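What follows is one structure encoded as structure tokens, with my remarks underneath.
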Amino acid sequence: MASDLLLILLTAGFAFAASVPFLIIPILIAPKNPNKPKETQYECGQVPSGGGKFSLMMQYYAYLLMFVAFDVMSMFLFAWGISLYTVGLSGFLAVILFIGILLIPLGFTLYHAARRELW
């Protein structure tokens, strides 16, 4: 058990140590000479027109929330279904609790989907 935890910590430490240089080196070697053309808006090679702000359409926001919530749920339910006979009652109760927790975003999503004209 302790060796498993040590392996997990070593893997996480290696991942952290391997990713830090990719974050720090560009900051150190990047040229730092801002000027007006570099700070202007960019529109696919065209001369910028208008402001850079736009209103984001929230038409599919409810579907996005449902996808995020139930994509995660489907992964865990698949893993639970594979080990259904070995987890017993405690595994069943944990899955029921998990589904109950994920019903909260479903209710939130359905509530906002019904109020779509406000978006």
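Quick note on the working numbering: the sequence shown kicks off at 2 and runs consecutively.
All C-beta atoms in this analysis are idealised placements derived from N, C-alpha and C, irrespective of residue type, glycine included.
Since the model is a prediction, treat every value here as computed from it, not as a measurement.
(1) Quick one: is the Cβ of Leu-24 within less than 7 Å of any heavy atom of the ligand SAH?
(2) What span of residues does the alpha helix (DSSP H) with Ile-76 cover, start to end?
(3) So Leu-66 and Thr-12 are supposed to be a Cβ contact under 8 Å. How far apart are they, rounded?
(4) In terms of residue numbering, what span does the alpha helix (DSSP H) encompassing Ser-20 cover?
(5) Within 10 angstroms of its Cβ, does Ala-80 collect 16 or more other Cβ (buried), or is it exposed?
(6) Whether or not the stretch 97-117 and the stretch 67-75 are in contact is what I'm after, with contact meaning three or more pairs of Cβ atoms, one per stretch, closer than 8 Å; do they touch?
(7) Hey, could you find the ends of the alpha helix (DSSP H) Pro-35 is sitting in?
(8) Determine the direct distance from the alpha carbon of Leu-10 to that of Phe-3, and round the result to whole angstroms.
(9) Measure the alpha-carbon distance for Tyr-112 versus Ile-100 and round it to whole angstroms.
Taking the definition as stated:
(1) Only the bare structure without any ligand can be found here, which leaves the ligand SAH out of the picture.
(2) Locating residue 76 in the sequence shown gives position 75, counting from the first residue. Residue identity differs from the one stated: residue 76 is Met in this sequence, not Ile. It spans 62-83 - the alpha helix (DSSP H) in which Met-76 sits, taken as one unbroken run.
(3) Position 65 of the sequence shown, counting from 1, holds the residue named residue 66. Position 11 of the sequence shown, counting from 1, holds the residue named residue 12. 32 Å between Cβ atoms; not a contact.
(4) In the sequence shown, counting from the first residue as 1, residue 20 sits at position 19. Start and end: 3-30.
(5) Within the sequence shown, residue 80 is the residue found at index 79, counting from 1. By the neighbour-count rule (16 or more Cβ atoms within 10 Å), Ala-80 is not buried but exposed.
(6) yes
(7) On the sequence shown, residue 35 is found 34 positions in, with the first residue counted as 1. Where Pro-35 is concerned, there is no enclosing alpha helix (DSSP H), given that its DSSP letter is neither H nor E.
(8) One-based indexing of the sequence shown puts residue 3 at position 2. One-based indexing of the sequence shown puts residue 10 at position 9. Correcting the residue identity first, residue 3 is Ala in this sequence and not Phe. Approximately 10 Å, taken between the alpha carbons.
(9) As a first step, residue 112 must be located in the sequence shown, where it is residue number 111. As a first step, residue 100 must be located in the sequence shown, where it is residue number 99. Distance between the alpha carbons of Tyr-112 and Ile-100: 18 Å.
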